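Q: Taking the working numbering, the leading residue of the sequence shown gets 1, the next gets one more, and so forth.
Once you've had a glance at the structure underneath, I'll fire off some questions.
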Amino acid sequence: MMRHIVEPSTLPPLLIINRHVHFSLPLIQSPKKSWKISNFVIVSVSLYNMDNVILKLTSLLVYTFALILFLSFKPALSSRNWKFSGGRKLSSGYNGDLVTNLPSQPHVDFQHYAGYVMVNETNGRALFYWFYEAMTNPEEKPLVLWLNGGPGCSSVGYGATQEIGPFLVDRDGQGLKFNNFSWNREANMLFLESPVGVGFSYSNTTSDYEKLGDDLTANDAYSFLHNWFLKFPSYRRRTFYIAGESYAGKYVPELAELILDRNNDSSLHIDLKGILLGNPETSDAEDMVGIFDYAWSHAVISDQTHKTIRRSCDFNSSNPWSNEDCNQSVAEVFRQYKKIDIYSLYTSVCFASTASSDDQSMLTVMKGSLKMMPRILGGYDPCLDGYAKAFYNRPDVQIALHASDGHNLKNWSICNNNIYEDWDWDNAKGSVIPIYKKLISAKLRIWVYSGDTDGRVPVLSTRYSLSTLALPVKKSWSPWYHENQVSGWFEEYEGLTFATFRGAGHAVPCFKPSNSLAFFSSFLRGESPPNN
């Protein structure tokens, strides 16, 4: 941990800094308190005429005066009260995880923490997190957990440093830039790399990687929260929300349900108030139909291809690919999507050398299991994935984030394809609509939003899925605004709000950062989306 250093010129005459002293000298002993001076030596003035009473008294007065002055400096000198970039006194979190020297970090006046939380001591299973306190009044603002999907994709690489965190990865992974529309303007933001094998999260037990699925992910995230609260006890009773996108459309409701069920034990209570979901996987059959209807309605595929899919594909079956006409038509859809970015129909694709490549065809991914979800992408800059990979594999970055010691480096990737391929799809929930009903009955706030240029979990998929809830409409379809422009449309139901973002792809905040922040603020306040 870094120490706050007071220069010699600012100290009383009798205090001289010795930067090489690494022990504490006892100064005054008393029955109640032992005062110690760390990293400093007090040098007294030599007195030559010890018989002179006046000089003795003078020496005593000087010594006492110096002691008083030193004690007045003590709060500034103590490492426990070290202030980061002019920030507040360290009081809300675990100082061992405080991030103090992140390379190229912009100057900020809030604290942030990163490190590991053990979720299974026996197996040595630990999840990595990055936590940003709110920019202002963190003690008064809620705590929000953000999850990305995949399965196997990093909430640090996507959510924290491409979308809604205060530091965005700059070009080529050489640094960070400040995000003026970070969601920690409105809340304390916690980003979790989950499950193990994602990002920096790890297990010392190989077999753990063979058991990954929805249930283990939810249970580990739940254990993480309770152990994280031990590090950050001031957040233990804080108003709490869960947010996420893509396959986190499964993660978030599943974790919310687990919290609700276990809140029956007052000692485990978490003050969950609501969930926020962006372009979420919700119900497999409806989501799949939405993909192909959207591709046709946006002129990606021909009328004939669309008609064949509609006629021959039964997405309610466990293996719709057994029908050869369905199989061939779906293959044609992804042959067309391979030419563009399915996650952002109207932006460029990345050809930079830093970008990660994925040679596995989307058709193979889709056919492996109806429930499989390929990795998420998104952003105005299609090469952001490559920039993030370059940044997080730097030794100085891993040291600063307490992810490694700089010698035994972690091989960080934005998405771990092995997790996706080995996922326990047989036990994955085909639909979380039943969980939605449970959360609605519990009076949780549920908002769902869709960027309307995403082809992978398109707005049609989400509308089809949510329609199966058959909820009564409270406020009919209306535009919502940001900076006097239509930002999208929304509809309020009994227990749920659905909204669109005009011109946004899969990772909405990448495309509409200012609009997203305004929308998030309305969600936290429990108000309708902005109307001006």
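Virtual Cβ for every residue (Gly too), placed ideally from N, Cα, C.
Since this is a predicted model, take the numbers as computed values, not measurements.
May I have the straight-line CA-CA distance separating leucine 345 from histidine 298, to the nearest angstrom?
A: The residue labelled residue 345 in the question sits at position 345 within the sequence shown. The residue labelled residue 298 in the question sits at position 298 within the sequence shown. Rounded to whole angstroms, leucine 345 to histidine 298 spans 9 Å at the Cα level.
Q: Within 10 angstroms of its Cβ, does methionine 118 collect 16 or more other Cβ (buried), or is it exposed?
A: In the sequence shown, the residue the question calls residue 118 occupies position 118. By the 10 Å Cβ count, methionine 118 comes out exposed.
Q: Apart from the five residues on each side of it in sequence, which residues of its chain come closer than 6 Å, Cβ to Cβ, to valine 156?
A: Within the sequence shown, the letter at position 156 stands for residue 156. Excluding residues within five positions, the ones whose Cβ falls inside 6 Å are Trp130, Phe191, Glu193 and Gly199.
Q: Roughly how far, in whole angstroms, is the beta-carbon of tyrosine 222 from the beta-carbon of glycine 149, given that I think they are within contact range, below 8 Å?
A: By one-based count along the sequence shown, residue 222 stands at place 222. By one-based count along the sequence shown, residue 149 stands at place 149. Incorrect: roughly 18 Å between the Cβ atoms, too far for contact.
Q: Please report the straight-line C-alpha distance between asparagine 427 and valine 108, rounded to a whole angstrom.
A: By 1-based counting over the sequence shown, the position of residue 427 is 427. By 1-based counting over the sequence shown, the position of residue 108 is 108. The alpha-carbon atoms of asparagine 427 and valine 108 are separated by roughly 44 Å.
Q: Three-state secondary structure (DSSP) at glycine 526?
A: Along the sequence shown, one-based indexing puts residue 526 at 526. Reduced to three states, the DSSP call for glycine 526 is coil.
Q: Among all the DSSP beta bridges, which residues are the ones paired with alanine 499?
A: As a first step, residue 499 must be located in the sequence shown, where it is residue number 499. DSSP lists Tyr449 and Phe490 as partners of alanine 499.
Q: Looking at C-alpha atoms only, which residue of Asp265, Lys211 and Leu460 is the closest neighbour of alanine 285?
A: Numbered from its first residue, the sequence shown carries residue 285 at position 285. The candidate whose alpha carbon is nearest that of alanine 285 is Leu460.
Q: Does the separation of the CB atoms of alanine 187 and proline 253 fall below 8 Å?
A: Residue 187 sits at position 187 when you count from the first residue of the sequence shown. Residue 253 sits at position 253 when you count from the first residue of the sequence shown. No, the pair does not count as a contact, with Cβ atoms beyond the cut-off.
Q: On the criterion of 16 or more Cβ atoms from any shown chain inside 10 Å, does arginine 237 qualify as buried, or is it exposed?
A: Looking up residue 237 in the sequence shown gives position 237. Exposed is the call here.
Q: Look up isoleucine 242 in the DSSP assignment and say whether it is helix, strand or coil.
A: Here residue 242 corresponds to residue number 242 of the sequence shown, with the count starting at 1. Correct three-state label for isoleucine 242: strand.
Q: Looking at C-alpha atoms only, which residue of Leu98, Gly244 and Ala507 is the closest neighbour of aspartate 385?
A: Here the question's residue 385 lines up with position 385 in the sequence shown. Cα-wise, what sits closest to aspartate 385 is Ala507.
Q: Thinking just about the alpha-carbon of each residue, which of Asp341, Asp170 and Val144 is nearest to the one in proline 390?
A: Counting from one through the sequence shown, the residue named residue 390 turns up at place 390. According to the sequence as given, residue 390 is alanine; it is not proline. For alanine 390, the nearest C-alpha among the options comes from Asp170.
Q: Roughly how many angstroms separate the alpha carbons of tryptophan 228 and tyrosine 113, rounded to a whole number?
A: By 1-based counting over the sequence shown, the position of residue 228 is 228. By 1-based counting over the sequence shown, the position of residue 113 is 113. If I take the Cα positions, the gap works out to 11 Å.
Q: Give the secondary structure of glutamine 485 by DSSP, where H, G and I count as helix, E and B as strand, and everything else as coil.
A: Within the sequence shown, numbered from 1, the residue matching residue 485 stands at position 485. In this structure, glutamine 485 counts as strand in the three-state DSSP scheme.
Q: CB-CB under 7 Å to threonine 161, same chain, minus the five flanking residues each way: which ones, in chain order?
A: Translated into the one-based positions of the sequence shown, residue 161 becomes position 161. Taken in chain order, the residues that qualify are Phe167, Leu168, Val169 and Ala388.
Q: Between which two residues does the beta strand (DSSP E) containing phenylalanine 131 stretch?
A: As a first step, residue 131 is located in the sequence shown; it is residue number 131 there, counting from the start. That run of the beta strand (DSSP E) goes 125 to 132.
Q: Three Cβ pairs or more, each shorter than 8 Å: is that satisfied between the region 473 to 481 and the region 436 to 450?
A: No, the region 473 to 481 does not touch the region 436 to 450.
Q: Taking a contact to mean a Cβ-Cβ separation below 8 Å, would you say alanine 256 touches leucine 439 in this structure?
A: Taking the first residue of the sequence shown as 1, we reach residue 256 at position 256. Taking the first residue of the sequence shown as 1, we reach residue 439 at position 439. Yes, Cβ-Cβ distance for alanine 256 and leucine 439 is below 8 Å.
Q: Between threonine 239 and lysine 273, how many whole angstroms is the CB-CB distance? I'm expecting something under 8 Å.
A: Residue 239 sits at position 239 when you count from the first residue of the sequence shown. Residue 273 sits at position 273 when you count from the first residue of the sequence shown. About 5 Å separates the two Cβ atoms, so the contact holds.
Q: Specify the secondary structure class of asparagine 532 as computed by DSSP and reduced to three states.
A: Within the sequence shown, numbered from 1, the residue matching residue 532 stands at position 532. Coil.
Q: By the 10 Å Cβ neighbour count, where 16 or more other Cβ atoms means buried, how is leucine 225 classified, buried or exposed?
A: In the sequence shown, residue 225 corresponds to position 225, counting from 1. Counting Cβ neighbours within 10 Å, leucine 225 comes out buried, since at least 16 surround it.
Q: Kindly list the residues whose CB is nearer than 6 Å to the CB of valine 486, restricted to its own chain and excluding five residues on each side of it in sequence; keep chain order.
A: Here residue 486 refers to the residue found at position 486 when the sequence shown is read from its first residue. Only Pro479 meet the Cβ criterion.
Q: Suppose only complete runs of 3+ residues qualify. What are the beta strand (DSSP E) ranges in the region 296 to 361, listed by chain order?
A: Qualifying beta strand (DSSP E) stretches: none in this window.
Q: Could you have a look at asparagine 188 and say whether DSSP puts it in helix, strand or coil?
A: For the purposes of this step, residue 188 is identified with residue 188 of the sequence shown, where counting begins at 1. Strand at asparagine 188.
Q: Give the single residue among Cys415, Glu133 and Ser329 whose Cα lies nearest to the Cα of serine 302.
A: Along the sequence shown, read from residue 1 onward, the residue named residue 302 stands at position 302. The option with the nearest alpha carbon to serine 302 is Ser329.
Q: Quick check: the Cα distance between threonine 462 and threonine 100, rounded to an integer number of angstroms?
A: The residue you call residue 462 lines up with position 462 of the sequence shown. The residue you call residue 100 lines up with position 100 of the sequence shown. Taking the straight line joining both Cα atoms gives about 41 Å.
Q: Distance, Cα to Cα, glutamate 421 vs valine 196?
A: Taking the first residue of the sequence shown as position 1, residue 421 is located at position 421. Taking the first residue of the sequence shown as position 1, residue 196 is located at position 196. Near 14 Å, if we compare the C-alpha coordinates of valine 196 and glutamate 421.
Q: Between which two residues does the alpha helix (DSSP H) carrying glycine 386 extend?
A: Taking the first residue of the sequence shown as 1, we reach residue 386 at position 386. Note, glycine 386: alpha helix (DSSP H), 384 to 392.
Q: Going by C-alpha distance, which of Gly488, Ala400, Phe520 and Glu527 is nearest proline 103?
A: Translated into positions along the sequence shown, residue 103 becomes position 103. Measuring from the Cα of proline 103, the nearest candidate turns out to be Ala400.
Q: Within 7 Å: the Cβ of valine 457 and any heavy atom of the ligand ATP?
A: The model on display carries no ligand, and the ligand ATP is accordingly not part of it.
Q: With contact counted as at least three CB pairs below 8 Å, one residue from each stretch, are the region 331 to 348 and the region 446 to 460 in contact?
A: Yes, the region 331 to 348 touches the region 446 to 460.
Q: Along the chain, where does the beta strand (DSSP E) containing proline 280 start, and where does it finish?
A: Within the sequence shown, residue 280 is the residue found at index 280, counting from 1. First-last of the beta strand (DSSP E) with proline 280: 272 to 280.
Q: Tell me the DSSP secondary structure of serine 521 in three-state form.
A: Counting from 1 along the sequence shown, the entry for residue 521 is found at position 521. Helix, per DSSP.
Q: Please identify the residue among Lys429, Cys415 and Trp146 whose C-alpha is closest to the C-alpha of isoleucine 275.
A: As a working note, residue 275 is residue 275 in the sequence shown. With distances taken between Cα atoms, isoleucine 275 lies closest to Trp146.
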